[in-house]
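Q: Chains as they are written, first to last, in the numbering used here: chain A, 6 to 242; chain B, 41 to 265. Where is the CB? At the ideal position from N, CA and C, for every residue including glycine. Computed from a predicted structure; not experimentally measured.
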Amino acid sequence: MNLFASAIDWILDPANYVGLNAIPLRIGQHLVFSLVTVVIASVIAIPLGYLIGHTGRGRGLAVTTSGGLRAIPTLGLLTLVALWVGIGVVAPYVALTVLAIPPILAGAYTGFEAIDRRTVDAARAVGMSELQIVRKVEVPLGLPLLIGGLRSATLQVVATATLAAYVADIGLGRYLFSGLKTRDYAEMLGGSILVILLALALEGIFALIQRFVVPRGVSGRLASTPTTRTGSPAAAR
Amino acid sequence: MTWVLANLGLIWARTLDHVVLSLPPILLCFVIAVPLGWLARRYRVSRGIILTGAGLLYAVPSLPLIFVLPAVIGTSLLSPLNVIIALTLYGIALMVRVVSDGLDSVDADVRQSASAMGYSTWSRFWQVELPLAGPVLLAGMRVVAVSTVSLVTVGAVIGVQSLGSLFTDGFQRGIQAEIVAGLVATVALALLFDGALVLAGRMLMPWTRRVTTAKPSVPVEVSAA
Chain A
6 MNLFASAIDW ILDPANYVGL NAIPLRIGQH LVFSLVTVVI ASVIAIPLGY LIGHTGRGRG
66 LAVTTSGGLR AIPTLGLLTL VALWVGIGVV APYVALTVLA IPPILAGAYT GFEAIDRRTV
126 DAARAVGMSE LQIVRKVEVP LGLPLLIGGL RSATLQVVAT ATLAAYVADI GLGRYLFSGL
186 KTRDYAEMLG GSILVILLAL ALEGIFALIQ RFVVPRGVSG RLASTPTTRT GSPAAAR
Chain B
41 MTWVLANLGL IWARTLDHVV LSLPPILLCF VIAVPLGWLA RRYRVSRGII LTGAGLLYAV
101 PSLPLIFVLP AVIGTSLLSP LNVIIALTLY GIALMVRVVS DGLDSVDADV RQSASAMGYS
161 TWSRFWQVEL PLAGPVLLAG MRVVAVSTVS LVTVGAVIGV QSLGSLFTDG FQRGIQAEIV
221 AGLVATVALA LLFDGALVLA GRMLMPWTRR VTTAKPSVPV EVSAA
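(1) If you count every other CB in all the chains shown that lies within 10 Å of the CB of Ala-12/A, and 16 or more means buried, which is it?
(2) Assign Asp-14/A to buried or exposed, taking buried as 16 or more other Cβ atoms, counted over all protein chains shown, within 10 Å of its Cβ.
(3) Identify whether Val-23/A lies in helix, strand or coil by the three-state DSSP scheme.
(4) Does the CB of Ile-198/A have a neighbour CB from chain B at under 8 Å?
(5) Hey, quick one: how far does the alpha helix (DSSP H) through Lys-186/A stretch, first residue to last?
(6) Quick one: measure Cβ to Cβ for Ile-51/A and Ile-106/A, integer angstroms, because I've assumed they're closer than 8 Å.
(7) Look at Leu-206/B and Ile-198/B and say whether their C-beta atoms are less than 8 Å apart.
(8) At least one CB of chain B closer than 8 Å to the CB of Tyr-22/A: is that the case?
(9) Would Ser-116/B be called buried (16 or more neighbouring beta carbons within 10 Å of its own) or exposed?
(10) With a threshold of 16 other CB atoms inside 10 Å of the CB of Gln-266/B, please say whether the residue is buried or exposed.
(11) Name, please, each residue of chain B whose Cβ falls closer than 9 Å to the Cβ of Tyr-171/A.
(12) For a contact defined as C-beta to C-beta under 7 Å, what are the partners of Gly-81/A on chain B?
(13) Kindly give me the distance between the Cβ atoms of Tyr-180/A and Gly-196/A, rounded to whole angstroms, as I take these residues to be in contact under 8 Å.
(14) Could you say which of Gly-142/B, Val-183/B and Pro-246/B lies nearest to Arg-81/B if we only look at CA atoms?
(15) What separation, rounded to the nearest whole angstrom, lies between the Cα atoms of Pro-19/A and Val-74/B?
(16) Among Phe-107/B, Pro-101/B, Trp-166/B and Ala-133/B, which residue has its Cα nearest to the Cα of Ile-90/B?
(17) Using 8 Å as the threshold, is the C-beta distance between Leu-172/B and Val-150/B below it?
(18) Sorted by chain position, which residues of the same chain lie with C-beta nearer than 6 Å to Asp-57/B's C-beta, five sequence neighbours on each side aside?
(19) What ranges does the beta strand (DSSP E) occupy inside the stretch 184-238 of chain B, keeping only unbroken runs of at least 3 residues that lie completely in it?
(20) Is there a C-beta anywhere in chain A that falls below 8 Å from the one on Gln-216/B?
(21) Is the beta carbon of Gly-72/A less than 8 Å from the beta carbon of Ala-111/A?
(22) Establish whether the CB of Glu-208/A and some CB of chain B are separated by less than 8 Å.
(23) Starting from the Cα of Leu-105/B, find the closest Cα among Leu-199/A, Thr-42/A, Leu-151/A and Glu-208/A and give me that residue.
(24) Quick check: the stretch 152-167 of chain A against the stretch 92-109 of chain B, are at least 3 beta-carbon pairs closer than 8 Å?
(25) Counting only beta-carbon atoms, is Arg-75/A nearer than 8 Å to chain B?
(26) For chain B, is any of its Cβ atoms less than 8 Å away from the one on Ile-201/A?
(27) Contact criterion: CB-CB distance below 8 Å. Does Met-133/A meet it with respect to chain B?
(28) Going along the stretch 154-165 of chain B in order, which residues come within less than 9 Å of chain A, judged by CB to CB distance?
(29) Are the stretch 162-180 of chain B and the stretch 123-134 of chain A touching, with three or more C-beta to C-beta distances below 8 Å?
(30) What are the complete alpha helix (DSSP H) segments, minimum 4 residues, inside the stretch 54-107 of chain B?
(31) Which same chain residues, not among the five before or five after Tyr-22/A, have their C-beta less than 8 Å away from its C-beta?
(32) Between the stretch 165-189 of chain A and chain D, which residues of the former have CB atoms less than 8 Å from a CB of the latter, in chain order?
(33) Can you pull the chain A neighbours of Ser-102/B, defined as C-beta to C-beta under 7 Å?
(34) Go ahead and pull the three-state DSSP assignment for Val-94/A.
(35) Over what stretch of residues does the alpha helix (DSSP H) that includes Asp-121/A continue unbroken?
(36) So does the stretch 185-199 of chain B actually touch the stretch 61-68 of chain B, counting three or more Cβ pairs closer than 8 Å?
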């Protein structure tokens, strides 16, 4: 238990709140790095996922590729890219974008697939163009599953961003590696606790967001009859 | 390629280390998650506690967890036990939800028929519910196996040897072939475990073979409609 006490002392030590190694600065770096990574991955994965979900083509390929990407250890990709481009933030961005793509891609196309086919056919029947169907029907109805995908991608990136410090001077992982080097367990443990708290806080925030993005018509909260729940993306989860 | 040929012994040794670190979490998490998943499904109170706990546990990042475990259970920082326990916890966090969902997917009519035929709750679970939830459990175990094999490499940054040591060593000494060899070996090991699980599934659940060949046509029809 006194190991934890020394870690708490380390977290509260005023010396860790000044300079280039200050805790708030490291948390900021960790979050900005994670956010940028998820945005890059989204720009690649969401349009691709929507294309697969809307046309129904290429699903098998997407599943296989995603599965394959998942099997690749991030540390291996990180060190390999770092050897090519050198020490710095480029390698972590590349390695973690690869990590973030599969869950976002899956969230995008399963979001479209979970929509009741009759809803899409009805939209087509009232004269909507394909683009309108995507924009006004499929995107809003698929949003809860997409947010679910973004949630697991963000959590994985925030967790794995700790490894980024192995090849770059960035994020909370710095405390783990510098503590490891100097055999300072209070620093390692304090840094680890900060990463864990950050991940749990984000998990909580995403759980709230996910509850509020369900379109009003299908959330069941405003619906008077229980039958409207069937076929909603929320029910598919 | 010359590096690989000159160091086959090293790669093989690290592969064995990797198997020793990844096999116990995969097996243990299944043994522990089945009763927990059953408990989560059985009572409303335990469901909330167990599934929320599993969700939070799954959100805890792996590398920090490996650092925190020594302070909790009193192992040394370099002990391979930290990696094994951390990954077992992850496996449990994922599988508890899968087991509970899998048992949920068993038709209530089937459950009632089994009771009507005289199965006790105990034998009904083992002979009816668990086998019927089997395909769902298998899918979950395949995810656990692949992610465990991949996550074991993280231990290398602390000094717990595995195929991940080829990444850290290759990075520090600037040997690209060593990192590539580690990547290939890790992915190959993951595929091997995955294949073993699929094979075990076929042997233990022979009735699913017909279903899997008939199933693909259904989603295709739906998306074409």
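A: Quick look at the numbers:
(1) Position 7 of the first sequence, counting from 1, holds the residue named residue 12/A. Counting every other CB atom within 10 Å of its CB across the protein chains shown gives Ala-12/A a total of 16 or more, marking it as buried.
(2) Counting from one through the first sequence, the residue named residue 14/A turns up at place 9. It counts as exposed.
(3) Here residue 23/A corresponds to residue number 18 of the first sequence, with the count starting at 1. DSSP, read as helix, strand or coil, puts Val-23/A in coil.
(4) Here the question's residue 198/A lines up with position 193 in the first sequence. Judged by the 8 Å Cβ criterion, Ile-198/A is in contact with chain B.
(5) The residue labelled residue 186/A in the question sits at position 181 within the first sequence. Here the alpha helix (DSSP H) through Lys-186/A covers 178-187.
(6) Counting from 1 along the first sequence, the entry for residue 51/A is found at position 46. Counting from 1 along the first sequence, the entry for residue 106/A is found at position 101. Not a contact, Cβ separation roughly 10 Å.
(7) Here residue 206/B refers to the residue found at position 166 when the second sequence is read from its first residue. Here residue 198/B refers to the residue found at position 158 when the second sequence is read from its first residue. No, these two residues do not count as a Cβ contact at 8 Å.
(8) Start at 1 with the first residue of the first sequence, and residue 22/A comes out as number 17. Using a CB distance cut-off of 8 Å, Tyr-22/A does not count as an interface residue toward chain B.
(9) What you label residue 116/B is simply residue 76 of the second sequence in a count that begins at 1. When all chains shown are included, Ser-116/B counts as exposed.
(10) Residue 266/B lies beyond the residue range present for chain B, which begins at 41 and ends at 265; the question has no answer from this structure.
(11) Residue 171/A sits at position 166 when you count from the first residue of the first sequence. In chain order: Val-197, Thr-208 and Phe-211.
(12) Within the first sequence, numbered from 1, the residue matching residue 81/A stands at position 76. Against chain B, the beta carbon of Gly-81/A has neighbours under 7 Å at Thr-193, Phe-207, Ile-219, Gly-222, Leu-223 and Thr-226, listed in chain order.
(13) Mapped onto the first sequence, residue 180/A falls at position 175. Mapped onto the first sequence, residue 196/A falls at position 191. That belief holds up - the Cβ atoms of Tyr-180/A and Gly-196/A are roughly 3 Å apart, short of 8 Å.
(14) Working through the second sequence from its first residue, we reach residue 81/B at position 41. For the residues Gly-142/B, Val-183/B and Pro-246/B, the minimum Cα distance to Arg-81/B belongs to Gly-142/B.
(15) As a position in the first sequence, residue 19/A is number 14, starting the count at 1. As a position in the second sequence, residue 74/B is number 34, starting the count at 1. The straight-line gap from Cα to Cα measures roughly 47 Å.
(16) By one-based count along the second sequence, residue 90/B stands at place 50. Selected option, being the one with the closest Cα: Ala-133/B.
(17) Against the second sequence, residue 172/B aligns to sequence position 132. Against the second sequence, residue 150/B aligns to sequence position 110. The answer is yes: Cβ separation under 8 Å.
(18) To locate residue 57/B, count along the second sequence from 1; it is residue 17. The beta carbon of Asp-57/B sits closer than 6 Å to the beta carbons of Gln-201 and Ser-202 from its chain, once the five residues preceding and following it are set aside; these are given in chain order.
(19) Correct list: empty.
(20) Residue numbering aside, residue 216/B sits at position 176 when the second sequence is read from its first letter. At a cut-off of 8 Å between beta carbons, Gln-216/B contacts chain A.
(21) Numbered from its first residue, the first sequence carries residue 72/A at position 67. Numbered from its first residue, the first sequence carries residue 111/A at position 106. No. Outside cutoff.
(22) One-based indexing of the first sequence puts residue 208/A at position 203. Residue contact check for Glu-208/A against chain B: a CB pair falls below 8 Å.
(23) Locating residue 105/B in the second sequence gives position 65, counting from the first residue. The shortest C-alpha separation from Leu-105/B is found at Leu-199/A.
(24) Because the criterion of three Cβ pairs below 8 Å is met, the stretch 92-109 of chain B and the stretch 152-167 of chain A touch.
(25) Within the first sequence, the letter at position 70 stands for residue 75/A. By this cut-off, Arg-75/A is an interface position.
(26) Walking along the first sequence from the start, residue 201/A turns up at place 196. With its beta carbon less than 8 Å from one in chain B, Ile-201/A belongs to the interface.
(27) Along the first sequence, read from residue 1 onward, the residue named residue 133/A stands at position 128. Met-133/A does not count as touching chain B.
(28) Cβ contacts with chain A come from no residue of the stretch 154-165 of chain B.
(29) Contact between the stretch 162-180 of chain B and the stretch 123-134 of chain A is not established, with fewer than three Cβ pairs separated by less than 8 Å.
(30) Those alpha helix (DSSP H) runs which fall completely within the stretch 54-107 of chain B and span 4+ residues are 84-99.
(31) What you label residue 22/A is simply residue 17 of the first sequence in a count that begins at 1. For Tyr-22/A, the CB contacts under 8 Å within the same chain, skipping 5 residues up- and downstream, are Ile-28 and Pro-29 in chain order.
(32) The structure shown has no chain D; the protein chains it does contain are A and B.
(33) In the second sequence, the residue the question calls residue 102/B occupies position 62. At a C-beta separation below 7 Å, Ser-102/B has these neighbours in chain A: Ala-164.
(34) Locating residue 94/A in the first sequence gives position 89, counting from the first residue. Correct three-state label for Val-94/A: coil.
(35) Counting from 1 along the first sequence, the entry for residue 121/A is found at position 116. Where Asp-121/A is concerned, there is no enclosing alpha helix (DSSP H), given that its DSSP letter is neither H nor E.
(36) The stretch 185-199 of chain B is in contact with the stretch 61-68 of chain B.
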